[in-house]
Every structure is written in C-alpha cells, then in structure tokens.
Amino acid sequence: MFEIGQSGELTSRLLLLIAKDIYVRKDHNISKDSYIRTCGSDDDNHWKAELVDCQKVSVIDFLEHLFGDSFWLQAGDTAKELFQHAYINFSHWVPMDGMISPGPEVSDRCTAAEWTLRHWHRTSAVQCCHLQPLIDKMIPIYFDDPTLGTDDMDRVSQIFISDKAGKYSSERDLGFISRTHPSIDCLSPLPFIALLLDFNGEPKLDVSFPEMEHHHPETDMCLRIYASGLSETTFPFLFPYWEFYPEAAGTIVQ
1 MFEIGQSGEL TSRLLLLIAK DIYVRKDHNI SKDSYIRTCG SDDDNHWKAE
51 LVDCQKVSVI DFLEHLFGDS FWLQAGDTAK ELFQHAYINF SHWVPMDGMI
101 SPGPEVSDRC TAAEWTLRHW HRTSAVQCCH LQPLIDKMIP IYFDDPTLGT
151 DDMDRVSQIF ISDKAGKYSS ERDLGFISRT HPSIDCLSPL PFIALLLDFN
201 GEPKLDVSFP EMEHHHPETD MCLRIYASGL SETTFPFLFP YWEFYPEAAG
251 TIVQ
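So for the sequence shown, full-length UniProt numbering puts the first residue at 1; every next one is plus one.
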C-alpha cells in the first residue's frame with residue numbers, strides 16, 4: 001500500500017498517470033472509459049487488440065503533451081534529436097523496499113540495465129523507498145533504435161524524478177540528481193532525464209541540456225527539467241480535461 005507522502009509523492013504519481021491516460025486517448029478516438037483498443041487482424045486473420053494504458057509512447061511527444069508546445073524550443077534541437085527514438089510505457093507504480101543500488105556487498109543483484117528492462121516489460125514505474133537519496137521515482141526509457149543492436153539491455157535509460165512540496169524553491173536540487181550516485185548506479189551511454197517537481201512553488205518551467213561536447217555520457221547527457229507549481233503554465237495538458245477527472249483533480253490540488 002502506498003503512503004500519501006509529505007513531499008508530493010502521491011501528487012506526482014497521479015499527475016503522471018493521468019498525463020499518460022489522457023495522451024493515449026486524445027488522438028485515437030478512444031473514450032475516457034475505454035481500456036482495450038482493437039488493432040485489426042494479422043496475416044493469419046487473428047484479431048489483435050492491445051491494452052490502451054499499456055502502449056509505449058514517444059518521449060518527445062509525451063513531454064510536449066505534459067509541459068506544452070514550447071517544451072522542445074526550450075530543450076533545444078540537440079536534446080530532441082537524442083530522444084527521437086526514446087519511448088516510455090508505464091501503467092502503474094511499484095514500491096521499492098531498498099536503494100536502487102544496494103552496494104557491492106549484495107552480490108546477487110541484477111544489473112541496472114536488467115532492472116530497468118524488467119520494469120519496462122512490466123509497464124511499471126518505480127516509487128523509491130524513503131531512504132533513497134536524490135530521487136523519489138524512476139520511469140524506464142526504451143530506445144527503439146536499430147543502430148543500438150539486438151540486446152534490449154543496451155537500449156534502456158531512465159527518467160529520474162524528485163518530488164518537492166516545501167515552502168521554498170528547491171530548484172537548485174535539480175543539479176544534484178546524478179545516475180552515478182552510489183545508491184543509484186545506473187550508468188549508460190544513452191541520455192537520461194532528471195525531473196524535479198516542485199509543487200508548492202510559483203508556476204515555472206525551466207529546461208536545460210548541455211550544449212558542450214559530451215566527454216562523459218553517463219553524466220553529461222542529461223535533460224534537466226524543473227517544473228514548479230500546479231497550474232496551466234506548468235502543466236497545460238490537464239486543464240482542458242479537468243471535468244473528466246474530478247476526483248483525481250481534487251486530490252492533486254489538495
């Protein structure tokens with residue numbers, strides 16, 4: 001059972017799930033109450049269908065949906081190009097009992113890539129334990145790029161999310177999120193995303209990506225997003241659909 005939390009943990013879980021829920025339905029003629037979408041028949045005339053909430057979505061399109069049409073103008077062409085083959089797919093949250101990386105003394109731990117890939121296949125996102133430094137959540141990223149080879153573990157990265165709901169701005173904390181931290185240890189040559197959700201702040205969206213040459217991909221290739229406040233300025237996707245989600249919307253505002 002999840003706890004509501006004191007730093008916006010429940011708020012961000014609802015916000016991100018609702019964002020994907022709206023996104024997968026808005027352009028596909030799918031009603032808000034639909035859960036299965038038919039996809040026609042295959043070559044053997046077997047009828048195909050998929051769970052609406054378990055389909056992968058483009059990172060580029062999803063972030064534009066979440067934060068507005070000008071998002072990639074702020075992020076820049078370099079970042080957009082690097083994430084052009086990137087997808088996310090999460091339908092629920094699962095809790096962790098320990099750190100993402102428990103340390104070298106735990107010999108039977110799976111690799112970071114395998115851990116991420118397992119959650120990708122399960123369409124699950126991760127709610128970190130309360131003792132996890134720097135971040136509170138992880139959403140798997142999968143790069144559907146044939147140039148990366150056939151091993152799926154060479155195609156995964158992450159969105160790392162930090163939740164804040166304090167009296168003062170926590171924007172500076174965004175710069176501390178690193179996948180090289182010993183408690184995270186998710187090194188990869190692929191780009192990743194650090195997102196800080198600061199729910200009690202004034203509405204603000206700030207996006208950055210390093211334009212310098214990337215000498216250390218595991219640290220340099222990070223799209224950093226600071227999203228403050230819960231308003232149409234920061235999350236424009238939510239407000240046209242407010243009437244469809246009255247219970248969840250009320251919970252988010254609280």
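For glycine and all other residues, C-beta sits at the position ideal for the given N, C-alpha and C.
Please read these numbers as outputs of a predicted model, since none were measured by experiment.
Cutoff 8 Å: residue i Cβ touching any chain B Cβ
i: G68; result: Here chain B cannot be found, since the structure has a single protein chain.
Beta-carbon proximity check, residue i vs residue j, cutoff 8 Å
i: P182; j: G103; result: yes
i: L82; j: P191; result: yes
i: C186; j: I88; result: no
i: T234; j: L196; result: no
i: D163; j: G8; result: yes
i: R13; j: Q127; result: yes
i: P146; j: V156; result: no
i: G149; j: C129; result: no
i: F90; j: A125; result: yes
Whole-angstrom C-beta distance between residue j and residue i, which should lie under 8 Å
i: T123; j: C54; result: 5 Å
i: T11; j: F199; result: 6 Å
i: A75; j: F209; result: 6 Å
i: G175; j: G201; result: The Cβ separation is near 16 Å, so there is no contact.
i: residue 343; j: I177; result: Lying outside 1 to 254, the shown extent of the chain, residue 343 is not represented and no answer is given.
i: K56; j: Y142; result: 7 Å
Exposed unless 16 or more other CB atoms sit within 10 angstroms - verdict on residue i
i: K137; result: buried
i: C110; result: exposed
i: L66; result: buried
i: F239; result: exposed
i: K167; result: exposed
i: E114; result: exposed
i: V24; result: buried
i: S188; result: buried
i: H46; result: Its pLDDT being 49, under 50, H46 is placed unreliably in this model, and the value from its coordinates should be taken loosely. It counts as exposed.
i: V207; result: buried
i: S170; result: buried
i: I159; result: buried
i: L131; result: exposed
i: L15; result: buried
i: S70; result: exposed
i: I18; result: buried
Residue i CB to nearest heavy atom of the ligand PLP below 7 Å
i: F176; result: Ligands in the displayed structure: none, and consequently the ligand PLP is not present.
Inset, instruction - Tell me the start and end of each unbroken beta strand (DSSP E) in the region 115-193 that is at least 3 residues and wholly inside, in chain order. - result: At a cut-off of 3 residues, the continuous stretches assigned as beta strand (DSSP E) that sit fully inside the region 115-193 are 124-127, 137-143, 156-164.
Legend entry - Sufficient close CB pairs (3 or more, under 8 Å) joining the region 57-64 to the region 116-130: no
Inset, instruction - Could I get the ranges of all uninterrupted beta strand (DSSP E) runs contained in the region 64-94, with 3 residues as the minimum, in chain order? - result: 86-88
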